[in-house]
Amino acid sequence: MKHTLIATLVGALLVSGGAHAEKVKIEFWTMSMKPRFENYFQDLVKRYEAQNPDVDVVWTDLPWDVIRSKFTAAVAAGQPPALANMNVQWAYDYAQTGAIQPIDALLGKDRAVYMPGALADVTWKGKTYAFPWYNSADVMAVNANIFKKAGLDPNKPIANLSEQLKVAAQIRQKAGVAGLAPRLGRVESVFLGEGLPVLENGKAVFNSPKHVALLREFAVAYKAGALLKDNLFAEDNFQVSIAAYNGGRLGILETTPPALTRVRDDAKDIYAATIAHPVPPGATGVVKGGWLMDFVVPKGVDPKLLPQVGKFAKFLTNDANQLAFSKDTGGTYPSVKQAALDPFFQDVPADAGAVENARAIGARNLANVRTLAILGIDDPAPLLRRLREETEAAVTGRKDPKAALDAAVAFWNAQLKKK
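In mature numbering (1 follows the signal peptide of the UniProt record, and there is no 0), the protein residues as written are -21 to -1, 1 to 398.
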């Protein structure tokens, strides 16, 4: 009897040890989240493990300039994490090389939880390759005093880009300051925002009559003095644009809602006169300003592990956790529908300023926010530089817009043919 009892106890211990050894491990990588969001992720992991005691979640955070090389090496070695944080461009590149796998089966009916624009950002050739995570969105801030001086109603939304350029010209004519600071150093994003393609079937196509007509509109606005000329053709003109707006030298500022805290803190008089509006949508309804971050599932993840990976990925990106992350950051938007309806975004006090109003406006536009970036080019820098040069020549009147875009397209296609 004694020997039987000992054998039973030993067997129970072995079974217990075996069950523990078979605990599922899910490792996920994030990008540059430490130390700012360490508490957020540690709490998230603890909660998931408490709800799923058979799962061991391992969080690894890597700097943004290291994560790609580490990811590529891990996939090549057959030792990838279960999930990795990427942006849209990187996810696209990995999808093309087969380094990540479609997640449609893992999404299942939960696909409906996510914003359509966010899903569209990570869906290529009919397959979805990432779980959408946090996002951003632009809003339009207008200086009511400048608008009134120009004979414009500062409370009236602007319908589209063409109207925006006309408003900017009227501001220059009647108020004596620049109306708008468009991002012409990234004109490819302007084209995409207006529903105009940049690449099709591996070839540059941004010299169509519609592309040319749009560039002519910018040239007319430039000649009228409607555009802020400071760094107009730089890759990033944000710093000079917000400085001009804060100095009363710019009537319209397009930016993200958190950036308006710079106006609030640095130019109180200008902030008091600032009214937030939605950015004018593109011809296809696209809203500018998106920069979606996501989680991909690498090639080489054990197929038996995939159901658990999908379950954790949906927990990581669910409404409650995305809302908590947005509150923690104070500046990001969720890519899920219910979180965007939370009072944190939607409830705006009667005495709220432009920052609070802008946050609500951005949240209401999230369904149509898109990441407007060129995908699938290994080294886009020379191509984008040539496009900036030709855009500047066209808008400043040194070259006909059609000739400028024809030259840029010819250069792009010659370079793309070599790749």
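Note that CB positions come from ideal geometry on N, CA and C, so glycine has one too. Source: prediction; values computed, not measured.
Report all residues from its chain with a CB closer than 6 angstroms to the CB of residue i; omit the five preceding and five following residues, and keep chain order.
i           : result
residue 319 : 313, 342, 345
residue 417 : Residue 417 lies beyond the residue range present for the chain, which begins at -21 and ends at 398; the question has no answer from this structure.
residue 277 : 54, 59, 79
residue 351 : 168, 171, 172
residue 310 : 237
residue 197 : 374
residue 275 : 63, 65, 70, 79, 109
residue -12 : Below a pLDDT of 50, predicted positions are generally treated as unreliable, and residue -12, at 41, falls in that range; the measurement from the model is reported next regardless. Same-chain partners within the cutoff: there are none.
residue 340 : 118, 255, 257
residue 123 : 133, 252, 254
residue 204 : 151
If you measure from the beta carbon of residue i to each beta carbon in chain D, is any gap under 7 angstroms?
i           : result
residue 390 : Within the model displayed, chain D is absent; a lone protein chain is all it includes.
Kindly identify the DSSP beta-bridge partner or partners of residue i.
i           : result
residue 273 : 65, 111
residue 190 : According to DSSP, residue 190 bridges with nothing at all.
residue 122 : 253
residue 7   : 38, 62
residue 178 : 183
residue 19  : Note: residue 19 sits in no beta bridge, so no partner.
residue 104 : For residue 104, which the question treats as bridged, DSSP gives no partner whatsoever.
residue 79  : 277
Give me, in chain order, the residues of the same chain whose beta-carbon lies closer than 7 angstroms to that of residue i; leave out the 5 immediate sequence neighbours on both sides.
i           : result
residue -10 : Reliability fails at residue -10, whose pLDDT of 43 lies under 50, so the model's placement of it is uncertain and no value is given.
residue 338 : 236, 324
residue 398 : 357
residue 366 : 166, 167, 387
residue 190 : 170, 175, 384
residue 181 : 395
residue 87  : none
Considering only C-alpha positions, which residue in the set the options is nearest to residue i?
i           : options            : result
residue 362 : 394, 331, 100, 333 : 394
residue 161 : 288, 180, 155, 140 : 140
residue 245 : 227, 262, 260      : 227
residue 33  : 123, 291, 57, 13   : 291
residue 349 : 330, 287, 266      : 266
residue 145 : 118, 122, 92, 201  : 201
residue 271 : 16, 315, 73        : 315
residue 263 : 138, 73, 389       : 138
residue 130 : 72, 1, 155, 203    : 155
residue 321 : 330, 329, 392, 305 : 305
residue 399 : 81, 93, 4          : The structure shown does not extend to residue 399, since the chain spans only -21 to 398, so no value can be given for it.
residue 218 : 239, 204, 76, 205  : 239
residue 391 : 3, 340, 229, 178   : 178
residue 11  : 4, 3, 20           : 20
residue 408 : 273, 280, 287      : Residue 408 lies beyond the stretch modelled for the chain, which goes from -21 to 398, so this question has no answer here.
residue 364 : 268, 215, 281, 282 : 215
residue 153 : 125, 353, 84, 56   : 125
residue 84  : 328, 389, 353, 286 : 286
residue 355 : 74, 247, 308, 376  : 74
residue 42  : 15, 335, 204, 3    : 15
residue 151 : 230, 95, 56        : 230
residue 57  : 281, 359, 158      : 281
residue 206 : 184, 234, 158, 25  : 158
residue 128 : 136, 147, 24, 116  : 147
residue 353 : 2, 72, 28          : 72
By Cβ distance, which residues of its chain are closer than 8 angstroms to residue i, with the 5 residues on each side in sequence left out?
i           : result
residue 383 : 194, 369, 370, 372, 373
residue 408 : Outside the shown range of the chain, which is -21 to 398, sits residue 408, and nothing can be said about it.
residue 39  : 6, 7, 8, 9, 60
residue -17 : Reliability of the predicted coordinates at residue -17 is poor, the pLDDT of 40 falling under 50, and the value obtained from them is presented with this limitation in mind. Here the set comprises nothing.
residue 98  : 90, 107, 111
residue 381 : 186, 191
residue 379 : 373
residue 335 : 327, 328
residue -6  : With a pLDDT of 46 at residue -6, under the threshold of 50, the modelled position of this residue cannot be trusted; read the value that follows with caution. So the list is empty, once near-sequence residues are dropped.
Any heavy atom of the ligand MN closer than 6 angstroms to the CB of residue i?
i           : result
residue 248 : As far as ligands go, the structure on display features none, and thus does not contain the ligand MN.
Any alpha helix (DSSP H) of 4 or more consecutive residues that is wholly inside the segment 25 to 73: Counting whole runs of 4 or more residues, the segment 25 to 73 contains the alpha helix (DSSP H) stretches 46 to 55.
3 or more residues per run - each beta strand (DSSP E) lying fully within the segment 260 to 346: Whole beta strand (DSSP E) segments, 3+ residues: 266 to 269, 272 to 275.
Suppose only complete runs of 4+ residues qualify. What are the alpha helix (DSSP H) ranges in the segment 197 to 260, listed by chain order? Counting whole runs of 4 or more residues, the segment 197 to 260 contains the alpha helix (DSSP H) stretches 217 to 225, 239 to 245, 247 to 251.
Can we say the segment 33 to 49 touches the segment 249 to 269, given the rule of at least three CB pairs closer than 8 angstroms? In short, these stretches do not touch, since the Cβ pair count stays below three.
Count the C-beta pairs between the segment 106 to 113 and the segment 295 to 315 that are closer than 8 angstroms, then say yes if the count reaches three, no if not. Short answer: they touch.
Between the segment 61 to 74 and the segment 95 to 111, can you find at least three pairs of beta-carbon atoms closer than 8 angstroms? Touching, yes.
Going along the chain, which unbroken runs of the beta strand (DSSP E) with 3 or more residues stay wholly within the segment 115 to 172? For the segment 115 to 172, the continuous beta strand (DSSP E) assignments of 3+ residues that do not extend past its boundaries occur at 118 to 122, in sequence order.
Does the structure place the segment 204 to 216 close enough to the segment 147 to 164 that three or more beta carbon pairs sit under 8 angstroms? A contact is defined here as three or more CB-CB pairs under 8 angstroms, and the segment 147 to 164 meets this definition with respect to the segment 204 to 216.
Taking only runs that begin and end inside the segment 342 to 382, name each unbroken alpha helix (DSSP H) of 4 or more residues, in chain order. Runs found: 360 to 374.
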